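Numbering (our numbering), first residue to last: 1 to 353.
Each residue gets a CB set at the ideal place from its N, CA and C atoms; glycine is no exception.
In this text, all values refer to a predicted model and were calculated from it rather than measured experimentally.
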Amino acid sequence: MTALRDLAPSPARAVPAAPAEALVEVRDLRKHFPVRRGLFGRVAGQVHAVDGVSFHVAPGETLGLVGESGCGKSTAGRTLLRLLEPTAGEIRFRGEDITRLDARAMLPFRRRMQMVHQDPYASLNPRMPAGEIVAEPLVIHGVGGGRAERRERVAQLFERVGLRPEQMDAYPHEFSGGQRQRIGIARVLALGPELIVCDEPVSALDVSIQAQILNLLMDLQDEYGLSYLFIAHDLAVVEHISQRVAVMYLGKIVELTDRASLFEMPLHPYTEALLSAVPIPKVTARRRRRVILSGDVPSPINRPSGCHFHTRCAYAHARCRSEAPALREVRPGHLAACHLHDGGVTFPLAKPG
Ligand code: SF4
């Protein structure tokens, strides 16, 4: 296995275009939020929550999106779904540009792009029986036939996600956390989506339940050909379910590649540090050597100059403080945003502790 510091620098190439068959693609997506201060709400700055990210998800694929809390991964998922209006960039679904569609034009796409939330309890209406919660999207979109047909459909969905149809009349508080997440998944499945953005769907659950929900999601993917954008801070979870993984730091993607390459041979110091902190069986003892991230995550309002990671990077050098590295293809299919991989730079310049 090759460690980050053993790699020979190679001339980096531009980010390759998404394949023509991409289900969804975002290009240079940005979402900034104004920071208001004072009595009159004067705009005093901008939070660059998502700052120029590009990726695609292929049909039937799971793309993991990882990073520490506050790195912008959830905002990226919500902006992709047009639950938040993008500040700039482009979103394409099956080749169609949906970036600026109004609410009416977006309606057919809403059925095809759904979201599973982190907290199943908070996302379910506590005053509605579980069956009605699952049927609600069918009512909103005017599909699924009459009441009896809808109830039949919901009963099938209950069975498919591992719940009993008799539980349709129970209320959310009568279910366990894992069962509530199953209700959330059944609700999302009701409209027959093609893409599901899973926003930390297991992080609120006990570890023993997490695997059950992940396996359910994988079974559903096999059965219905679903695509997932799987957002998580837990690398072990992402490693379990993803085919490719994108790593985010302060609003930008800093590394993107297939699962095996990321876990066996990370090219970005931030990924290396994240991997060193988690016990993943496939990560060898050498890779698991602790690389301490120095300092706190900088404020997204006042980000460090140059490479935003330079204040915490063990390999940082002078160029890192003044010049932002572009995300480039360092190896075939393996993208990283780090000056270490630009041709002509000798590294490592510093050795991780
Ligand atoms: Fe570290 Fe510099 Fe690479 Fe940024 S560009 S990750 S600071 S070595």
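Answer with yes or no whether the minimum CB distance from residue i to chain B is below 9 Å.
i           : result
residue 275 : Absence of chain B from the displayed structure is noted, only one protein chain being present.
Residue i to residue j, Cα distance in whole Å?
i           : j           : result
residue 91  : residue 108 : 15 Å
residue 111 : residue 240 : 27 Å
residue 190 : residue 163 : 15 Å
residue 159 : residue 42  : 53 Å
residue 63  : residue 229 : 5 Å
residue 260 : residue 271 : 13 Å
residue 161 : residue 185 : 7 Å
residue 325 : residue 225 : 36 Å
residue 253 : residue 167 : 42 Å
residue 134 : residue 33  : 33 Å
residue 44  : residue 36  : 6 Å
residue 209 : residue 101 : 39 Å
residue 213 : residue 223 : 15 Å
residue 303 : residue 25  : 27 Å
residue 29  : residue 98  : 13 Å
residue 57  : residue 23  : 6 Å
residue 116 : residue 329 : 31 Å
residue 286 : residue 39  : At residue 286, the pLDDT of 47 sits below 50, so the modelled position is not reliable; the number obtained from the coordinates is stated separately. Those two C-alpha atoms are separated by around 54 Å.
residue 73  : residue 131 : 31 Å
residue 105 : residue 27  : 21 Å
residue 80  : residue 321 : 31 Å
residue 188 : residue 238 : 21 Å
residue 152 : residue 71  : 42 Å
So, with DSSP's three-state summary, where would you put residue i?
i           : result
residue 232 : strand
residue 176 : coil
residue 119 : coil
residue 248 : strand
residue 425 : No answer is possible for residue 425: the residues shown for the chain start at 1 and end at 353.
residue 49  : strand
Per DSSP, which one or two residues make a beta bridge with residue i?
i           : result
residue 221 : Residue 221 pairs with nothing; no bridge assigned.
residue 341 : DSSP, once it has assigned bridges, lists no residue as partnering residue 341.
residue 315 : According to DSSP, which records beta bridges pairwise, residue 315 is partnered with nothing at all.
residue 336 : 255 and 328
residue 36  : 43
residue 227 : 195
residue 55  : 26
residue 113 : 195
Query raised in the report: Considering only residues of the segment 141–216, which uninterrupted beta strand (DSSP E) runs meet the minimum length of 3 residues and lie entirely inside it, listed in chain order?
Result: 195–199
Query - Those runs of the alpha helix (DSSP H) which lie wholly inside the segment 59–101 and span at least 4 residues - result: 73–80
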